[in-house]
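Colleague:
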Amino acid sequence: MYSTNAWRVYLHFCLLSTLCNFYECSQAISKLFELPTNCSQRVYPEEDQAGPTPLSAWMAAYREAKDKGLIPDLGPSVMSNQELSYADYSTEELNSPEKVCSWTISKCVVDEDIVAAPKGMMGISFDDGPAPATTLLLPFLLKHKQKATHFMIGSRILDNPEVLKQAAKVNRDHIAVHTWSHPYMTSLTDEQILGEIGWTMQIIRDKVGLIPAFWRPPYGDIDNRVRAIASHVFNLTTVIWSDDVNDWCLTDKSYPHSECGRGSGPQNSHDLLSDLDRITNHTERPQERDSGIIILEHEADERPIEAFMQKYPSYKQIGWDPRPIPDLFG
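See the structure below:
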C-alpha cells in the first residue's frame, strides 16, 4: 500500500502529466509569458490589430532561433483578388515539404502537422471564440461530459474574458491559439507573426493561467516559415483539419440566409446538417476507415453550434470516439 504522501505525489504527477499534454509546461516558454505583478496592468494591442508589435522577450527568442538556422528565409505570400500567391517560388517549391510547403495553395503538410485523427476517432474543436454564442455550446458539452478544443482569437478574449474562463475553468476544456486578429499568416512579416501568436498566448496566460501548446492558423494558411516561428519560438503544435463544412457561412438566426453563394457553402441549417452527415455517416463504420476525422467547426454564431449539438448524439451511435485534439494522440 502507498502512504498518504506517496499517493499525493503520484496524483500530482498524474495531473501534471495530463496538464502537460494539453498545455506548455517548459520553463523556457513560461519565461516568455510572465504574469503581470499586482502593481502593473497589462496593456494589450488594440482589438483586431493585425500583426501587433511583439514583446522583446519574443523577439529575443526569435533571433536565437533565426541565428541557429531554424527559421527559413522565405518571403511572405501576397493576397490578390482573394487568392494567395508567392512571387519567387515554383509550383514544385510550393508543394515541397522541404521548401515552402503551402497548405493554402497545395495542401502541403509536414510530419509534425496534425491534420486527421487516428482511426475511429473524431477531433472535437471549434474556432473563432470566445463569443456570446459559446455560452450555448459550453453547457451542452458539460452535460454530455464531452471535452473539446477551442481555438480562440485574442481579440475575442478581450471582448469575452468570462466566456474563456467558463470554458477553461468550469468545463475544463482545452484552450488553444487562433491568433490575435485572424489574418492570413503567410502574408505577414516574421515580426507580425510573432505578435499575432504571442499576444494570444499572453492573454490566455493572463486570464486563466495556462500557456497554450497547440494552435490553428486562420484559414489553414501556413507555410514552413510560419510553422518554424510557431514551433521554434513558441513550441506550438500546428493543427489543421481533414474536413470542412463551411459552417461559418451560417451566422445567427436573426440573419436566416447564408454568407456564401450557392455551391460554396451551406445555404441553410438543413444543408449544414446534410454535410455533417455526409462526412460522419459513411457506409464504412469509423473503425473501418483508413483514418479518423477532424472537422473544421466554429463557435462564433448560433446556427453552427446548433447543428453540432443536433448531430453530436449520432456520432457515438455510429461508433465515433470524440475527443479534444491532444487526447487523440495519448
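In case it helps, mature numbering (1 follows the signal peptide of the UniProt record, and there is no 0) puts the sequence shown at residues -22 to -1, 1 to 308.
Glycine included, every Cβ here is placed at the ideal spot set by N, Cα and C.
(1) Three or more beta-carbon pairs under 8 Å between the segment 214 to 227 and the segment 237 to 256, yes or no?
(2) Could you work out which residue in Y162, K123, Y40 is closest to L172 when comparing CA atoms only?
(3) Among D201, F212, Q170, G241, whose alpha-carbon lies nearest the alpha-carbon of Q5?
(4) In this structure, does DSSP put V(-14) in helix, strand or coil?
(5) Taking the continuous alpha helix (DSSP H) assigned at P282, which residues delimit it?
(6) Hey, is the segment 67 to 84 in contact with the segment 195 to 202, meaning 3+ C-beta pairs nearer than 8 Å?
(7) Is the beta carbon of A208 closer than 8 Å to that of residue 310?
(8) Counting only runs that start and end within the segment 139 to 215, where is the alpha helix (DSSP H) found for 4 or more residues in a row?
(9) Are L251 and G101 closer than 8 Å when you measure CB to CB?
(10) Please classify G101: does DSSP put it in a helix, a strand, or coil?
(11) With H128 as the anchor, note down where its beta strand (DSSP E) starts and where it stops.
(12) Any heavy atom of the ligand COA closer than 7 Å to the CB of T15?
(13) Helix, strand or coil for E61? Go by DSSP, reduced to three states.
(14) If you follow the beta strand (DSSP E) that P300 is in, where does it begin and where does it stop?
(15) Just to confirm the assignment, what range does the beta strand (DSSP E) spanning L251 have?
(16) The alpha helix (DSSP H) that contains L13, what's its start and end?
(17) For Y(-21), which residues of its own chain have a beta-carbon under 6 Å away from its beta-carbon, when the five flanking residues on both sides are left out?
Modeller: Concretely, from the data shown:
(1) yes
(2) By one-based count along the sequence shown, residue 172 stands at place 194. Minimum Cα distance to L172 is reached at Y40.
(3) The residue given as residue 5 occupies position 27 in the sequence shown. The option with the nearest alpha carbon to Q5 is F212.
(4) Numbered from 1 along the sequence shown, position 9 holds the residue referred to as residue -14. Because the pLDDT at V(-14) is just 42, under 50, the model does not fix this residue reliably, and the value given afterwards should be weighed accordingly. Residue state, collapsed to three classes: helix.
(5) Here the question's residue 282 lines up with position 304 in the sequence shown. It spans 280 to 296 - the alpha helix (DSSP H) in which P282 sits, taken as one unbroken run.
(6) yes
(7) Only positions -22 to 308 of the chain appear in this structure, which leaves residue 310 out of reach.
(8) 139 to 143, 168 to 186, 202 to 212
(9) For this step, residue 251 is matched to residue 273 along the sequence shown. For this step, residue 101 is matched to residue 123 along the sequence shown. No. Outside cutoff.
(10) For the purposes of this step, residue 101 is taken as the residue at position 123 of the sequence shown. Three-state DSSP puts G101 in a strand.
(11) What you label residue 128 is simply residue 150 of the sequence shown in a count that begins at 1. Residues 127 to 130.
(12) Of ligands this structure carries none, so the ligand COA is not represented either.
(13) Here residue 61 corresponds to residue number 83 of the sequence shown, with the count starting at 1. Strand.
(14) As a first step, residue 300 is located in the sequence shown; it is residue number 322 there, counting from the start. Note, P300: beta strand (DSSP E), 299 to 301.
(15) On the sequence shown, residue 251 is found 273 positions in, with the first residue counted as 1. First-last for L251: 247 to 258, but that is the alpha helix (DSSP H), not the beta strand (DSSP E).
(16) As a first step, residue 13 is located in the sequence shown; it is residue number 35 there, counting from the start. Element bounds for L13: n/a, residue is neither H nor E.
(17) Counting from one through the sequence shown, the residue named residue -21 turns up at place 2. Legend: pLDDT at Y(-21) = 41, less than 50; position of this residue unreliable, value from coordinates given subsequently. Correct list: empty, nothing qualifies.
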